[in-house]
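Engineer: Here the protein sequences come in this chain order: A and B.
Position in the first sequence (from 1) plus 199 gives the number in this note's numbering.
Position in the second sequence (from 1) plus 199 gives the number in this note's numbering.
Number of protein chains: 2
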Amino acid sequence: MPVNLSAPVAGELLPVAGVELGIAAAGIKRVNRKDLLVIRLAAGATVAGVFTSNRFCAAPVVVAREHLAANQGIRALVVNTGNANAGTGEPGMQNARATCAEAARLLGCAPEQVLPFSTGVIMEPLPLDRIVAGLPQAVANLGSDNWFDAAHAIMTTDIVAKAVSKQVQINGQTVTVTGISKGSGMIHPNMATMLGYIATDAAIAQPLLQQMVKQAADASFNCITVDGDTSTNDALMLLATGASGVQVGEAERAAMQTAIDAVAISLAQAIVRDGEGATKFITIRVEGGKDTAECRQIGYAIAHSPLVKTAFFASDPNLGRILAAIGYAGVADLDVAKLRLYLDEVLVAEHGGRAASYREEDGQRVMRQSDIGIRVVLGRGAASATLWTCDFSYDYVKINASYRS
Amino acid sequence: MPVNLSAPVAGELLPVAGVELGIAAAGIKRVNRKDLLVIRLAAGATVAGVFTSNRFCAAPVVVAREHLAANQGIRALVVNTGNANAGTGEPGMQNARATCAEAARLLGCAPEQVLPFSTGVIMEPLPLDRIVAGLPQAVANLGSDNWFDAAHAIMTTDIVAKAVSKQVQINGQTVTVTGISKGSGMIHPNMATMLGYIATDAAIAQPLLQQMVKQAADASFNCITVDGDTSTNDALMLLATGASGVQVGEAERAAMQTAIDAVAISLAQAIVRDGEGATKFITIRVEGGKDTAECRQIGYAIAHSPLVKTAFFASDPNLGRILAAIGYAGVADLDVAKLRLYLDEVLVAEHGGRAASYREEDGQRVMRQSDIGIRVVLGRGAASATLWTCDFSYDYVKINASYRS
């Protein structure tokens with residue numbers, strides 16, 4: 200079950216002027232399940248995004264990049280679950296383009312003004328006919344109050360929908376930021392997460408918007424991992440409609456970025472809290488590194504270790520496994536004698552071994568919590584990095600041994 | 200349960216002249232369990248080894264390297280299970296040295312002529328008193344026929360003991376090679392495996408022996424992974440007593456290396472077949488790469504993917520997960536359109552997607568086997584690499600969630 204993660208409340212999600220959302224149950228993989236989302240943007244909105252670095256990136260990722268580059272103004276996004284349209288070769292490309300063409304026809308815009316997104320099983324043909332048949336229903340119920348349903352429509356193995364809203368004052372005016380995301384397994388984003396959409400009614404020029412979405416991704420989705428598997432379909436999109444009339448330039452950037460980052464971090468952490476089979480939410484902070492890269496390298500070695508993850512599942516303070524992971528992380532000149540390891544505030548190891556002050560019952564107490572902090576102090580420099588991950592349980596195996604059935 | 204892995208038969212393990220083995224139940228972690236092994240070598244034997252690259256390498260690894268470098272001739276090896284003596288700081292170093300000193304006293308040699316090895320839980324103090332108390336028993340039963348018991352004495356979570364013998368004709372004379380290994384979890388050797396000892400009665404000068412053990416490790420233990428966790432205690436030792444009177448120089452090297460590699464590969468594969476919770480043994484062959492490094496990189500991405508491993512556990516041909524792993528392996532200029540993926544002889548994917556000839560029932564048939572081959576043809580060059588791994592089951596989580604209790 201999700202770890203300390205509350206479901207979003209429909210009434211607490213704030214509409215973003217200039218954004219409408221429509222949902223359909225298109226029967227893509229299962230019947231009677233919301234699995235198709237159309238997001239319509241007002242004319243003049245700017246859109247930026249970051250995408251997976253997986254070489255087997257999905258057809259919709261390729262097409263979305265092309266359409267963004269075409270720079271004709273994006274008017275709609277189409278998202279389906281139940282099928283990733285990845286590892287589908289040239290037919291997959293044709294299906295992604297056909298999805299855009301049909302949505303464009305219904306919405307009265309050009310196909311290049313539509314961005315496609317898919318998530319679900321890899322290497323299965325996309326059922327284009329069902330998507331085409333479902334699109335009119337989604338377009339028919341387009342509305343600005345549908346963020347709650349939209350968050351549900353993009354779920355796959357997610358147990359809890361992920362959605363959050365924030366408001367920020369910019370030049371005395373209120374700007375709204377609302378975002379949704381999905382993801383639970385195949386989570387080790389490398390540019391962005393499985394799928395995330397954050398919209399604001401601020402007006403932000405595209406080049407700045409692209410910088411801001413990259414920065415938000417680096418502060419959020421690029422700091423999480425569930426299983427170390429980087430998806431073929433990762434995408435984080437930032438949509439700015441300008442409908443509030445508030446212009447964001449360099450002077451307003453910091454305040455706006457803070458609000459966007461907060462939404463992105465909340466959505467990213469929700470993915471980990473809802474990680475497949477997760478029973479613990481673990482924050483890994485690595486400090487005192489020579490640079491951020493080595494801090495992240497060590498953090499991910501800990502976060503990906505099946506031995507560390509199963510020990511957390513068992514609440515077993517078998518903390519030597521963390522030392523082993525630090526040791527094989529690939530930092531060749533690491534001096535383990537200078538390193539300190541903490542579990543929350545409990546000093547576990549120093550001088551290359553167990554701390555004299557460490558008592559097993561202190562480690563045990565922290566391990567039993569559902570939210571746990573690991574802190575590694577390297578004693579090599581001033582850089583640091585924070586990652587979020589979860590434990591590894593019977594249910595992870597169960598979910599992934601039976602995902603397709 | 201181990202995958203198509205037979206337990207060694209006591210009578211089929213061949214003594215190696217010049218090698219005696221003694222075993223004790225020292226109560227290091229549990230009572231009445233063989234957990235201490237002494238290997239005594241005849242004077243004049245040469246010894247070479249490769250060790251873990253983990254920066255948190257165990258105290259006995261540090262001491263073994265020192266004693267090999269001291270070059271006084273190695274006369275004994277002492278191996279304990281139940282405690283890794285890793286992450287134990289300066290006290291751990293003192294305990295490893297004290298173990299050597301006590302064994303040296305009992306055997307009448309110098310402490311620098313003894314190599315220590317430990318395996319078991321990390322970051323717990325080594326119970327030196329129990330080892331010292333157990334050593335006389337091990338020394339008292341030294342004998343050349345004890346390979347079977349020795350293989351059992353070094354087990355931790357292993358279900359089946361690992362031991363094998365080969366004979367090879369060199370210059371018309373028979374040379375014997377017998378080896379043992381242990382390991383089941385924390386298996387992603389990077390120099391060698393958890394613990395492996397291979398002995399021969401050939402005479403091989405130390406510099407050549409060092410080249411041969413490195414080559415054997417690269418062909419065997421450096422090609423396996425269970426969970427991607429590189430141990431703090433990995434060591435593969437090659438012992439050459441010369442008692443057969445057969446000299447191995449450059450002219451005899453190829454024949455000798457072939458025999459040693461065969462023993463090493465057998466022992467390494469046994470570790471994967473006995474991988475924690477394993478139900479499938481998977482051979483991953485990556486061909487057509489630009490160099491071996493990128494073939495191994497892609498092979499390990501597949502071998503480490505929890506999603507791939509759980510799909511194999513479930514016999515679920517959800518083979519898009521393999522494509523995703525290939526895609527995120529980090530080969531930046533990989534052209535996925537040129538790649539072919541086979542499951543045994545079944546062509547699964549080509550031209551960036553599912554092969555037209557692929558039928559789910561063919562994939563299903565292969566996935567149900569207990570020995571499965573994955574073959575990836577990259578279409579980039581002539582290099583190749585073969586790795587061996589296993590699947591990921593409920594029992595892996597169970598074993599590692601309860602290892603210490």
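We treat Cβ as the ideally placed atom computed from N, Cα and C, and that holds for glycine.
Any idea what DSSP makes of Met390 of chain A, helix, strand or coil?
Structural biologist: Residue placement at Met390 of chain A is flagged as unreliable, the pLDDT there being 48, under the threshold of 50; the coordinate-derived value follows with that caveat. DSSP places Met390 of chain A in coil when its eight states are reduced to three.
Engineer: Let me check understanding here. Comparing Cα to Cα, which of A:Asn432, A:Ala524 and A:Ile497 lies closest to Gly427 of chain B?
Structural biologist: A:Ala524
Engineer: Can you tell me the Cα-Cα spacing of Thr424 of chain B and Ala469 of chain B, whole angstroms?
Structural biologist: 12 Å
Engineer: Going straight from the alpha carbon of Ile598 of chain B to that of Leu240 of chain B, what length do you get?
Structural biologist: 36 Å
Engineer: Please look up how many angstroms separate the CB atoms of Val367 of chain A and Val462 of chain A, rounded, as I've assumed it's under 8 Å.
Structural biologist: Wrong, their Cβ atoms sit about 10 Å apart, outside the cutoff.
Engineer: Using a Cβ-Cβ cutoff of less than 6 Å, which residues in the same chain neighbour Arg484 of chain B once the five nearest sequence positions on both sides are dropped?
Structural biologist: Arg574 and Thr585
Engineer: Quick check: the Cα distance between Gly221 of chain A and Trp587 of chain A, rounded to an integer number of angstroms?
Structural biologist: 32 Å
Engineer: Could one say the Cβ of Thr298 of chain B lies closer than 8 Å to chain A's Cβ atoms, at least one of them?
Structural biologist: no
Engineer: Could you spell out where the alpha helix (DSSP H) holding Ala269 of chain A opens and where it closes?
Structural biologist: Ala258 to Ala269
Engineer: With a floor of 4 residues, list each alpha helix (DSSP H) that falls wholly inside the region 447 to 475 of chain A, ordered by position along the chain.
Structural biologist: Here the runs fully enclosed are 449 to 472.
Engineer: When we look at the beta-carbon of Asn282 of chain B and count the other beta-carbons within 10 Å, is it buried (16 or more) or exposed?
Structural biologist: buried
Engineer: Ordered along the chain, which non-local residues of its own chain (more than five positions away) have a Cβ less than 6 Å from that of Ser604 of chain A?
Structural biologist: With a pLDDT of only 46 at Ser604 of chain A, under 50, the local geometry of the prediction cannot be trusted, and the value read off the model is given with reservation. Excluding positions up to five away in sequence, the list is empty.
Engineer: Using the beta-carbon count (16 or more within 10 Å), is Val215 of chain A buried or exposed?
Structural biologist: The residue in question, Val215 of chain A, is buried, as its Cβ has 16 or more Cβ neighbours within 10 Å.
Engineer: Using beta carbons (cut-off 8 Å, strictly below), is Ala548 of chain B in contact with chain A?
Structural biologist: Chain A contact via Cβ: present.
Engineer: In the region 426 to 439 of chain A, which residues sit with their C-beta less than 8 Å from some C-beta in chain B, listed in chain order?
Structural biologist: Asp426, Gly427, Asp428, Thr429, Ser430 and Thr431
Engineer: Could you give the uninterrupted runs of the alpha helix (DSSP H) lying entirely in the region 320 to 379 of chain B, keeping only those of 4 residues or more?
Structural biologist: Note on the region 320 to 379 of chain B: whole alpha helix (DSSP H) runs with a minimum of 4 residues are 327 to 339 and 346 to 352, in chain order.
Engineer: Closest to Thr355 of chain A by C-alpha separation, out of A:Pro324, A:Gly319 and A:Arg329, would be which residue?
Structural biologist: A:Gly319
Engineer: Of the residues that make up the region 290 to 321 of chain A, which ones have a beta carbon closer than 8 Å to any beta carbon in chain B?
Structural biologist: Pro290, Gly291, Val320 and Ile321
Engineer: In chain A, which residues lie less than 8 Å from Leu533 of chain B when you measure between Cβ atoms?
Structural biologist: Arg254
Engineer: If I measure Cβ to Cβ from Gly272 of chain B and keep anything under 8 Å in the same chain, skipping five residues before and after, which residues do I get?
Structural biologist: Ala242, Gly243, Ala244 and Gln312
Engineer: Just checking: is the beta-carbon of Ser601 of chain A within a distance shorter than 8 Å of some beta-carbon in chain B?
Structural biologist: yes
Engineer: So, at 6 Å on beta carbons, what are the nonlocal neighbours of Asp594 of chain B in its own chain, with the 5 sequence-adjacent residues on each side left out?
Structural biologist: Gly476
Engineer: How big is the Cα-Cα spacing for Asp515 of chain A and Glu544 of chain A?
Structural biologist: 17 Å
Engineer: Would you give the residue range spanned by the alpha helix (DSSP H) that Ile423 of chain A belongs to?
Structural biologist: Going by DSSP, Ile423 of chain A is part of no alpha helix (DSSP H) at all; its letter is neither H nor E.
Engineer: The alpha helix (DSSP H) spanning Cys299 of chain A covers which residue range?
Structural biologist: Gly288 to Leu306
Engineer: Which residues, in order along the region 484 to 511 of chain A, keep a beta-carbon less than 8 Å from a beta-carbon of chain B?
Structural biologist: His503, Ser504, Pro505, Leu506, Thr509 and Ala510
Engineer: At a Cβ cut of 8 Å, what residues of the region 567 to 594 of chain B count as close to chain C, listed as they run along the chain?
Structural biologist: In summary, chain C is missing from the structure at hand, where the protein chains are A and B.
Engineer: Can you say whether Val565 of chain B is buried or exposed, counting buried as having 16 or more other CB atoms within 10 angstroms of its CB?
Structural biologist: buried
Engineer: Considering Cα atoms alone, identify which of A:Phe316, A:Tyr557 and A:Ala295 is closest to Ser380 of chain A.
Structural biologist: A:Phe316
Engineer: Considering just the uninterrupted stretch of the alpha helix (DSSP H) at Asp570 of chain A, what are its terminal residues?
Structural biologist: First-last for Asp570 of chain A: Asp570 to Val576, but that is the beta strand (DSSP E), not the alpha helix (DSSP H).
Engineer: Looking at C-beta atoms only, is the number of pairs between the region 298 to 307 of chain A and the region 556 to 572 of chain B that lie closer than 8 Å three or more?
Structural biologist: No contact exists between the region 298 to 307 of chain A and the region 556 to 572 of chain B.
Engineer: Say whether chain A places a C-beta atom closer than 8 Å to the C-beta of Val202 of chain B.
Structural biologist: no
Engineer: Given a cut-off of 8 Å on the beta-carbon distance, is the pair Gly552 of chain A and Thr287 of chain B in contact?
Structural biologist: yes
Engineer: Short of 7 Å Cβ to Cβ, which residues in the region 441 to 463 of chain A face chain B?
Structural biologist: Within the region 441 to 463 of chain A, not one residue has a Cβ closer than 7 Å to any Cβ of chain B.
Engineer: For Met566 of chain B, report the span of its alpha helix (DSSP H) as first-last.
Structural biologist: Per DSSP, Met566 of chain B belongs to the alpha helix (DSSP H) from Glu559 to Met566.
Engineer: Provide the residue span of the alpha helix (DSSP H) that contains Glu170 of chain A, from first to last.
Structural biologist: This structure gives no information on residue 170 of chain A, because the portion of chain A shown stretches from 200 to 604.
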